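In the working numbering, the protein residues as written are 123 to 491.
Right, here's the structure in full:
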């Protein structure tokens, strides 16, 4: 077919520039330095074993039809308390939650300002809406303020608390101060801080005491929480509005009971085990200390680490070298990151032993020797 021939041509072009993607199952023989399971909760059987408490295999409908169950409402009550919010609304993933908020809330005539390194779901969310949107330079408060001065209508500032490719933090206190000055609303994607920051793992906004000054917070449970799904936390008005106007909520089959139970079990476990985060931080410090200073590594203090290479080909070559050394580590290529910023993304986990981290750093140091 003509259409299929065109698709093949596009795939070949991507192969030529070294950016071809393909599915690869984790090799059981490799040490996990790749997944977002930062605390190891996804592998903890006690959190996910619910066979003795069977309710149903699926909600069997959207929340506005037959799919609204007591277990959804109970979890939302738990989440609103856990994340210090007036309300919480469940979505099926962080990707979908960002689409659901950003396509529905900003209106025609409004302005959305997005950090240029925000996840693609944030950018796609505003494209689905009717508001004007502009990028501002990454974590650049001067550029953000310049764009705030020229914004019209209701203004929304959208950032991630922790950026998934660089592992750096947004300057949330300063962003909130600017938002207050210019009467803008702040929306924060907490995907990579959920379960980590704060004594109980309630994310960076709560850890900084900013929860009451943030318009909407999106929490993802597929990273450090080790489960699946997401929640939008904010005011009761925001929740009611999303129930009425967010297409991604209205027309989606609700999460099944085992996903809901896993979320609450994992967050409850994290809440009672603050040592998980302190243990992870010590592993991150060890990795940073053992890596040679001249290596072009990220400045991140988060679980997300990485080595910047010069090209896609070099990132793939380095990744293959680490795989041969016994480490499950993947290359990150353009367009996920900018050309010239290709890298291997290394995730340090609480379950990685000091010996494993030392061995990894030895391999990295030897490669660049």
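Yeah, the Cβ is synthetic: ideal placement off N, Cα and C, and Gly gets one too. Being a predicted model, the structure only gives us computed values, none of them experimental.
Simplified DSSP assignment, three categories, for residue i
i	result
residue 257	strand
residue 311	strand
residue 427	strand
residue 237	strand
residue 168	helix
residue 273	coil
residue 466	strand
residue 340	strand
residue 354	strand
residue 149	coil
residue 473	coil
residue 375	strand
residue 144	coil
residue 441	helix
residue 288	coil
residue 176	coil
residue 232	coil
residue 409	helix
residue 154	strand
residue 184	strand
Element boundaries [beta strand (DSSP E), containing residue i]
i	result
residue 282	277-282
residue 247	Counting along the chain, residue 247 falls outside any beta strand (DSSP E), though it belongs to the alpha helix (DSSP H) covering 242-250.
residue 492	For the chain, the structure presents residues 123 to 491; residue 492 sits outside this window and is missing.
Residues near residue i in its chain [Cβ-Cβ closer than 8 Å; skip 5 each side]
i	result
residue 405	470, 471, 472, 474, 476, 479
residue 377	181, 194, 212, 214, 350, 351
residue 202	208, 209, 210, 355
residue 142	133, 136
CA nearest to the CA of residue i, picked from the options
i	options	result
residue 163	458, 457, 393	393
residue 267	247, 305, 246, 240	305
residue 221	483, 369, 359, 254	369
residue 295	273, 332, 323	332
residue 261	293, 360, 272	293
residue 248	259, 390, 235, 481	235
residue 161	265, 250, 391	391
residue 419	315, 463, 133, 450	463
residue 423	284, 147, 439, 484	284
residue 270	297, 245, 481, 252	297
residue 205	320, 147, 259, 486	320
residue 452	441, 459, 460, 458	441
residue 361	219, 126, 245, 151	219
residue 281	239, 229, 178	239
residue 140	375, 149, 455, 178	455
residue 366	186, 176, 427	186
residue 136	457, 317, 252	457
residue 276	259, 252, 265	252
residue 189	468, 363, 374, 483	374
residue 224	127, 414, 466, 279	279
Contacts around residue i, its chain only, beta-carbon distance under 7 Å, and the 5 residues preceding and following it disregarded
i	result
residue 349	343, 381, 384, 385, 388
residue 200	386
residue 508	This structure cannot settle anything about residue 508, because the visible part of the chain is limited to 123 through 491.
Extent of the continuous alpha helix (DSSP H) to which residue i belongs
i	result
residue 302	294-303
residue 207	Counting along the chain, residue 207 falls outside any alpha helix (DSSP H), and DSSP gives it neither H nor E.
residue 370	369-372
residue 418	Run containing residue 418: none; DSSP gives neither H nor E here.
residue 216	216-224
residue 134	124-138
residue 329	326-329
heavy atom of the ligand GTP below 8 Å from residue i C-beta
i	result
residue 241	For the structure depicted, the ligand GTP is absent and the ligand set is empty, with no information on it obtainable.
Neighbourhood of residue i by C-beta distance below 6 Å, restricted to the same chain and skipping five residues each side
i	result
residue 159	348
residue 178	379
Test: residue i CB closer than 9 Å to a CB of chain D
i	result
residue 469	Among the protein chains of the structure shown there is no chain D, as only one such chain exists.
Touch test, the segment 283-295 against the segment 188-198, Cβ-Cβ under 8 Å, three pairs minimum = no
The segment 324-344 touching the segment 294-310, judged by at least three CB pairs closer than 8 Å = yes
Would you call the segment 321-331 and the segment 423-437 touching, i.e. three or more CB-CB distances under 8 Å?
-> no
Assess, as a yes-or-no matter, whether the segment 445-460 is touched by the segment 401-421 under the definition of 3 or more beta carbon pairs within less than 8 Å.
-> no
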